[in-house]
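All remarks here apply to the structure that follows.
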Amino acid sequence: MLLLTLLHAFLPQSQAADPTDWLTNMRVAWEGVRSYRAEQRSTERVEGVLRKERIFRVTFRKPGEMQLVFGHGKKATRIYRSEGRFEGNARLLLGGRAGRRQGILTVGPQSPSLQDLVVRPLDQLGLGTFVDMFSALYGHELSTRPKPVADVAGGEAAWRVDLNGDGRNVWSRAEVALSQRTFLPVRVTLWDSSGVMLERHQWFDLKVNPDLKDDEDFDLGYPRP
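Residue numbers (our numbering): 8 to 232.
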């Protein structure tokens with residue numbers, strides 16, 4: 008069985024990760040995450056129409072601080088959100104001439120400018136959202152854990168787990184692909200009862216606990232002097 012090098016930083020060294028105990032391993036791995044960087048690709052269905060995949064770079068720091076970057080260079084659009092700051096609003100810097108003309112905007116969570124970029128609320132867009140969701144749904148059903156299947160997701164080897172909803176959610180079936188390297192999700196897909204895909208989120212080139220600098224990684228929240 009493949010030894011999970013990074014997971015051993017979170018688990019006792021004498022304990023090897025068992026892929027059939029995917030839920031415990033995922034939760035323990037997330038507890039060891041202070042921050043992460045990744046390229047995230049999200050596809051969401053809006054009013055019956057599957058939107059074009061959005062690709063952005065995300066930097067996250069616990070408990071709930073994140074910055075998203077769409078595009079590159081002067082044309083990049085940036086979004087910043089942090090729990091407890093800006094009264095629950097987000098900071099937005101549009102790319103190109105619009106951004107240079109308007110400067111940094113403070114917008115509400117339902118702002119059309121935000122929803123043009125991502126449909127899922129910003130505080131429910133990160134890795135931790137899905138860890139918490141699956142933990143809440145399956146945390147007390149220890150005897151019914153599905154057996155993971157080998158897969159490739161997020162550009163790396165993963166275990167794929169198929170899950171059935173419990174009737175309390177819009178989705179009826181979920182698939183989570185857990186990295187064999189970190190045991191964190193690298194792909195989450197949700198379907199409705201008719202088998203129609205509702206949303207898919209993927210994380211590529213995931214860096215766990217990188218060194219972060221406020222004025223570079225979260226520059227909309229901590230601008231340079």
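Backbone N, C-alpha and C define an ideal beta-carbon position, used for all residues, glycine too. Only a predicted model underlies this, so the values are computations on that prediction, with no experimental measurement involved.
Any idea which residues DSSP pairs S169 with across the strands?
Mapped onto the sequence shown, residue 169 falls at position 162. According to the sequence as given, residue 169 is Asp; it is not Ser. DSSP lists E182 as partners of D169.
Should S200 go down as buried or exposed, given a rule of 16 or more other Cβ atoms within 10 Å for buried?
Stepping through the sequence shown from its first residue, residue 200 is reached at position 193. So S200 counts as exposed.
Given this structure, state the Cα-to-Cα distance separating K81 from R175, to the nearest angstrom.
One-based indexing of the sequence shown puts residue 81 at position 74. One-based indexing of the sequence shown puts residue 175 at position 168. If I take the Cα positions, the gap works out to 43 Å.
Just the C-alpha distance for F141 and K220, rounded to the nearest angstrom, thanks.
As a first step, residue 141 is located in the sequence shown; it is residue number 134 there, counting from the start. As a first step, residue 220 is located in the sequence shown; it is residue number 213 there, counting from the start. The straight-line gap from Cα to Cα measures roughly 31 Å.
Look at the Cβ atom of L191, then the Cβ atom of L129, and state whether they are nearer than 8 Å.
Position 184 of the sequence shown, counted from the first residue, corresponds to residue 191. Position 122 of the sequence shown, counted from the first residue, corresponds to residue 129. No, these two residues do not count as a Cβ contact at 8 Å.
Cα-Cα separation between P116 and E72, rounded to whole angstroms
The residue given as residue 116 occupies position 109 in the sequence shown. The residue given as residue 72 occupies position 65 in the sequence shown. Their Cα atoms are separated by approximately 14 Å.
Neighbourhood of G103 by C-beta, 6 Å cutoff - its chain only, sequence neighbours within 5 removed:
Stepping through the sequence shown from its first residue, residue 103 is reached at position 96. Around G103: K82.
Which same chain residues end up closer than 8 Å to P155 when comparing Cβ atoms and leaving out the 5 residues on each side of it in sequence?
Here residue 155 is taken as the residue at index 148 of the sequence shown, counted from 1. Counting only Cβ-Cβ distances below 8 Å, and skipping sequence neighbours, we find P26, T27, W29, W166, R167, V168, L185.
Does the beta-carbon of G161 have 16 or more other beta-carbons within 10 angstroms, so that it is buried, or is it exposed?
Your numbering for residue 161 matches position 154 in the sequence shown. Buried, since its Cβ has 16 or more Cβ neighbours within 10 Å.
Entirely enclosed beta strand (DSSP E) segments - the region 39-101, minimum 3 residues
42-53, 61-68, 72-77, 84-89, 97-100
Quick one: what's got a C-beta closer than 6 Å to F249's C-beta in the same chain, skipping five residues either side?
Outside the shown range of the chain, which is 8 to 232, sits residue 249, and nothing can be said about it.
Nonlocal neighbours in the same chain, by C-beta distance under 8 Å from Y229, ignoring five residues either side:
Taking the first residue of the sequence shown as position 1, residue 229 is located at position 222. Taken in chain order, the residues that qualify are D221, D222.
Continuous alpha helix (DSSP H) stretch holding F137: start and end:
Within the sequence shown, residue 137 is the residue found at index 130, counting from 1. Element bounds for F137: 134-145.
If you pair each beta-carbon of the region 43-55 with each one of the region 205-215, do three or more pairs fall below 8 Å?
yes
DSSP state of M8, grouped into three classes?
The sequence position of residue 8 within the sequence shown is 1, counting from 1. Here the model assigns M8 a pLDDT of 35, short of 50, so the residue's position is not dependable and the matter cannot be decided.
Beta-carbon within less than 6 Å of T12's beta-carbon, same chain only, minus the 5 sequence neighbours each way: which residues are those?
The residue labelled residue 12 in the question sits at position 5 within the sequence shown. The predicted position of T12 is uncertain, since its pLDDT is 39 and thus under 50; a value taken from the coordinates is nonetheless stated next. Taken in chain order, the list of residues that qualify is empty.
For V76, collect the residues of the same chain with a Cβ closer than 7 Å to its Cβ; drop the 5 residues on either side in sequence, then sort them by chain order.
Numbered from 1 along the sequence shown, position 69 holds the residue referred to as residue 76. Hits under 7 Å: F63, R64, A83, R85.
Does the distance from the CB of L205 to the CB of R52 come in under 8 Å?
The residue labelled residue 205 in the question sits at position 198 within the sequence shown. The residue labelled residue 52 in the question sits at position 45 within the sequence shown. Yes, the pair counts as a contact, with Cβ atoms nearer than the cut-off.
For Q74, does the count of other Cβ atoms within 10 angstroms reach 16, so buried, or fall short, so exposed?
Mapped onto the sequence shown, residue 74 falls at position 67. The residue is buried, with at least 16 neighbouring Cβ atoms inside 10 Å.
Where Q122 falls, given that 16 or more other Cβ within 10 Å makes a residue buried:
For the purposes of this step, residue 122 is taken as the residue at position 115 of the sequence shown. Label assigned to Q122: exposed.
Per-residue burial, D224 [other beta carbons within 10 Å of its own, 16 or more giving buried]
Taking the first residue of the sequence shown as position 1, residue 224 is located at position 217. Buried.
Can you give me the start and stop residues for the alpha helix (DSSP H) that P119 sits inside?
On the sequence shown, residue 119 is found 112 positions in, with the first residue counted as 1. Run containing P119: 119-122, per the alpha helix (DSSP H) assignment.
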